[in-house]
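Sequential numbering of the sequence shown, starting at 664, is according to the numbering used here. A virtual CB, placed ideally from N, CA and C, is assigned to each residue, including glycine. Predicted model, so just to flag it, every value in this text is computed and none were measured. Report on the following structure.
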Amino acid sequence: MEFEIIPVFHGFPAKSSRGFLGWSSVYLIKVEEQNQEKFMLFDTGGYNERFELIRRLKELNLNLKDINSVFISHLHFDHAVNWTLFPNANIYISSGELVTQETAEDLMVPDFHCEKLKNHINTKTIEEGDIIHGFEVVSLPGHTLNLMGLKRDDTYLVSDAIKNRKEILKSQLTNTINKELAMSTIDFLLNNANIIYPGHDIPLIKKSGNWEPVINNKMSILYPDHLIDFNGKPKIELNIKD
């Protein structure tokens with residue numbers, strides 16, 4: 664079964680003096696099943712990205728009804744909330760993510776979405792080892808206790824199990840419910856993956872034992888029309904230095 668992983672949004676690891684920016688990764692997985700193309704969205708971004716998400720899917724010649732499946736790695740606000748946009752999609756999420764007390768008490772989980780997902784007709788709860796469009800579900804606990812990712816051969820979509828390239832070092836871990844579990848998950852990924860799609864960074868590929876981003880990670884903050892900063896520029900360019 665052929666597949667292609669297409670970036671809709673590359674994640675970017677940044678926060679402001681007001682808190683998390685929540686610029687997470689969103690990937691479109693295109694597979695061919697029985698001579699038909701199927702489309703699965705891996706995570707959905709945040710509310711602030713709704714219009715841009717729709718626009719970028721249109722650039723790929725897709726409308727919201729064309730998405731067959733939505734995979735939600737975990738219920739945090741920057742990954743899960745846009746599942747409601749896709750009327751024809753099966754919504755895949757860990758059963759544990761929907762029922763645990765940790766989820767109920769997690770301030771990063773948006774109100775009402777857990778209950779809505781439990782009662783949604785197209786919600787499909789998943790466990791490790793399940794197969795979705797040829798990808799295997801893998802349990803990646805630590806950031807949340809029930810975070811799930813997908814793997815195909817040595818390619819892993821891991822969401823916030825590894826948020827950015829520095830977390831490969833493990834000493835740079837932040838924002839985890841269980842740090843010991845998170846470190847164990849990272850060890851598992853480093854021993855089994857050759858390509859990693861993080862939750863807030865560019866895809867990383869292993870070369871000669873080192874992990875390298877496939878491209879530079881750049882982001883822009885745009886001022887409204889007719890506004891400029893003190894340097895006379897209409898935007899701020901953000902770049903990650905290795």
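- Looking at the DSSP output, residue 874 sits in a beta bridge with 869.
- Separation of the CB atoms of residue 676 and residue 864 is rounded to 6 Å, and the pair is thereby assigned contact status at 8 Å.
- Less than 7 Å separates the beta-carbon of residue 666 from that of residue 694.
- Distance from the CA of residue 803 to the CA of residue 845, rounded to the nearest whole angstrom, comes to 8 Å.
- The segment 735 to 754 makes contact with the segment 770 to 788: 3 or more CB pairs, one atom from each, lie closer than 8 Å.
- Under the three-state reduction of DSSP output, residue 812 falls in the strand class.
- Looking at the DSSP output, residue 670 shares a beta bridge with 690.
- Put simply, the backbone Cα of residue 716 is about 22 Å away from that of residue 877.
- Taking C-beta atoms under 8 Å as the contact rule, residue 730 and residue 775 fail to qualify, at a distance of about 22 Å.
- Ranked by how close their Cα comes to the Cα of residue 762, the residues 898, 816, 810 have 810 in first place.
- Between residue 872 and residue 826, the gap from beta carbon to beta carbon reaches 7 Å or more.
- By the Cβ neighbour-count rule, residue 866 is buried, with 16 or more other Cβ atoms within 10 Å of its own.
- Taking a C-beta distance under 7 Å as the contact criterion, residue 841 and residue 805 qualify as a contact pair.
- Residue pairing for residue 683: DSSP places it in a beta bridge opposite 678.
- In this structure, the straight-line span from the alpha carbon of residue 856 to that of residue 868 is close to 9 Å.
- Judged by DSSP in its simplified three-state form, residue 760 adopts helix.
- Distance check between residue 745 and each of 773, 885, 819 places 773 closest, using alpha-carbon atoms only.
- Around the beta carbon of residue 828, 16 or more other beta carbons sit within 10 angstroms, so the residue counts as buried.
- For a cut-off of 8 Å, the C-beta gap from residue 672 to residue 692 is around 14 Å, too long to register as a contact.
- If you compare the alpha carbons of 814, 708, 853 with that of residue 831, the shortest gap goes to 853.
- The alpha-carbon separation between residue 783 and residue 791 amounts to approximately 22 Å.
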